[in-house]
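Working notes, beginning with the structure itself.
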């Protein structure tokens, strides 16, 4: 069940008049912390007034306060943020699957805008933007110094207006410009097609009613594929995530029982578990889940659940590793909301994929022009990311150019990734189809 938690912080900071109340070291410590908080809040007020009075030009109080709130939240992790009333309304529209812009999921890295993934059939995808691209300038103006929200606001604009992005890409020595035309982005969360006797279902995002779209897609394929379905490819590549309840519901479509995911908050008793109900829509047919370093958040919940239950074979390359849950907390129509990281999620086996990602059961590298690979992008590279709670205390940080271990020479992965292979061929999808057909040859025949 989706939750929008409205939080009212009620607290009492005790001043000097309450000193006699405390007789224990804990009480003295609490009072000292309270006094320090009061001192810092007083300092904030003093600085706020000095900026209002003495800055070289007039400034809006609202802008100062919003920037202060943004600074507080962005210091926590890469995903917590303040949403002013305008941004909050836009976010609500986006989760319903339609909004204006370029069609890219972005974050910030070292002061630049980083592309997490371009969405299918959007200006960004058609222009060839790739996960991991860094944007240094917007219409010639430097991005460095902007907050993520400020950069996003600049990328948005009137439909059919143009914007030029200056892009830095791994493997290219020089930055290059890409001009995109803004459009109304209508996210089609699910697409399907028959690949011979294999059902192919692509989920581009976990927006509202993605679960119903997946159910309808499979029913259409059952009706279309008269000779039967031998297996299902669930394509979650470049899926940036979305709503937690939709990730749970989509996972439930392919499971009959067992835990799907659990979320664990700050307190030891703050644990929520989500379980499957009977009713696998495929009736047990083999599944391959495709993931890559653009698969994040809700996409990783689905991949992790099906992998842990051994319900699917996960193929591709390691996923992004966003294992945190953000709660949108409204503060009234005129005050906007905050997006606050409130929990980490865990797969059914109890593993957190925060910063580590989902490791595929079968690693299949995509073919790239000239055989050139690129470093995988991950949550672990984001400044201020939350550490994986399951990682050993002395574990070394992930290298910024981490890549999967290369397959042995002569293996199918090796031959498919070498220079000269056709980049137009979706090698990962072809491997998934071959895997499912191979399983079908070893299994007794069944109906749709």
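In my numbering, the protein residues as written are 230 to 677.
Ideal Cβ placement from N, Cα and C applies to all residues, glycine included.
Simplified DSSP state of residue i, which is helix, strand or coil
{"i": "residue 405", "result": "strand"}
{"i": "residue 433", "result": "coil"}
{"i": "residue 574", "result": "strand"}
{"i": "residue 373", "result": "coil"}
{"i": "residue 547", "result": "coil"}
{"i": "residue 291", "result": "helix"}
{"i": "residue 359", "result": "coil"}
{"i": "residue 501", "result": "strand"}
{"i": "residue 348", "result": "coil"}
{"i": "residue 366", "result": "strand"}
{"i": "residue 311", "result": "strand"}
{"i": "residue 465", "result": "coil"}
{"i": "residue 530", "result": "helix"}
{"i": "residue 563", "result": "coil"}
{"i": "residue 510", "result": "coil"}
{"i": "residue 335", "result": "strand"}
{"i": "residue 422", "result": "strand"}
{"i": "residue 286", "result": "coil"}
{"i": "residue 271", "result": "helix"}
{"i": "residue 554", "result": "strand"}
Whether residue i touches residue j by CB criterion (8 Å)
{"i": "residue 549", "j": "residue 511", "result": "no"}
{"i": "residue 462", "j": "residue 434", "result": "no"}
{"i": "residue 665", "j": "residue 443", "result": "no"}
{"i": "residue 492", "j": "residue 574", "result": "yes"}
{"i": "residue 536", "j": "residue 590", "result": "yes"}
{"i": "residue 384", "j": "residue 340", "result": "no"}
{"i": "residue 344", "j": "residue 361", "result": "yes"}
{"i": "residue 679", "j": "residue 505", "result": "Within the shown structure, residues of the chain are numbered from 230 to 677, placing residue 679 beyond reach of any answer."}
{"i": "residue 615", "j": "residue 659", "result": "no"}
{"i": "residue 592", "j": "residue 546", "result": "yes"}
{"i": "residue 439", "j": "residue 473", "result": "no"}
Closest Cα partner of residue i within the set the options
{"i": "residue 529", "options": "500, 496, 356 and 585", "result": "585"}
{"i": "residue 359", "options": "310, 518, 334 and 554", "result": "334"}
{"i": "residue 500", "options": "545, 490 and 455", "result": "490"}
{"i": "residue 470", "options": "451, 566, 495 and 522", "result": "522"}
{"i": "residue 563", "options": "503, 280, 538 and 316", "result": "316"}
{"i": "residue 580", "options": "594, 558, 553 and 559", "result": "553"}
{"i": "residue 379", "options": "404, 450 and 299", "result": "299"}
{"i": "residue 314", "options": "661, 445, 272 and 295", "result": "295"}
{"i": "residue 413", "options": "456, 448 and 353", "result": "353"}
{"i": "residue 453", "options": "425, 472, 440 and 479", "result": "425"}
{"i": "residue 588", "options": "566, 312 and 534", "result": "534"}
{"i": "residue 669", "options": "515, 570, 608 and 568", "result": "515"}
{"i": "residue 568", "options": "274, 538 and 311", "result": "311"}
{"i": "residue 365", "options": "432, 381 and 351", "result": "381"}
{"i": "residue 441", "options": "451, 423 and 418", "result": "418"}
{"i": "residue 411", "options": "391, 401 and 423", "result": "391"}
{"i": "residue 420", "options": "278, 485, 447 and 502", "result": "447"}
{"i": "residue 540", "options": "570, 270 and 485", "result": "485"}
{"i": "residue 318", "options": "566, 655, 479 and 596", "result": "566"}
CA-to-CA distance, residue j to residue i, given in whole angstroms
{"i": "residue 290", "j": "residue 267", "result": "21 Å"}
{"i": "residue 348", "j": "residue 467", "result": "7 Å"}
{"i": "residue 497", "j": "residue 572", "result": "11 Å"}
{"i": "residue 399", "j": "residue 363", "result": "9 Å"}
{"i": "residue 617", "j": "residue 320", "result": "28 Å"}
{"i": "residue 286", "j": "residue 464", "result": "52 Å"}
{"i": "residue 204", "j": "residue 376", "result": "No answer is possible for residue 204: it lies beyond the span of the chain, which begins at 230 and ends at 677."}
{"i": "residue 213", "j": "residue 356", "result": "Since the first residue of the chain shown is 230 and the last is 677, residue 213 is not available in this structure."}
{"i": "residue 389", "j": "residue 437", "result": "26 Å"}
{"i": "residue 395", "j": "residue 405", "result": "6 Å"}
{"i": "residue 284", "j": "residue 276", "result": "11 Å"}
{"i": "residue 306", "j": "residue 475", "result": "24 Å"}
{"i": "residue 542", "j": "residue 373", "result": "41 Å"}
{"i": "residue 387", "j": "residue 393", "result": "14 Å"}
{"i": "residue 274", "j": "residue 619", "result": "40 Å"}
{"i": "residue 520", "j": "residue 672", "result": "26 Å"}
Sheet register partners of residue i (DSSP bridge)
{"i": "residue 585", "result": "DSSP lists no partner for residue 585."}
{"i": "residue 595", "result": "Answer by DSSP bridge pairing: none, since residue 595 is not bridged."}
{"i": "residue 460", "result": "427"}
{"i": "residue 391", "result": "410"}
{"i": "residue 542", "result": "517"}
{"i": "residue 341", "result": "338"}
{"i": "residue 383", "result": "Answer is none; residue 383 lacks a bridge partner."}
{"i": "residue 451", "result": "DSSP, once it has assigned bridges, lists no residue as partnering residue 451."}
heavy atom of the ligand NAP below 7 Å from residue i C-beta
{"i": "residue 567", "result": "Looking for the ligand NAP in the displayed structure turns up nothing, as the structure carries no ligands at all."}
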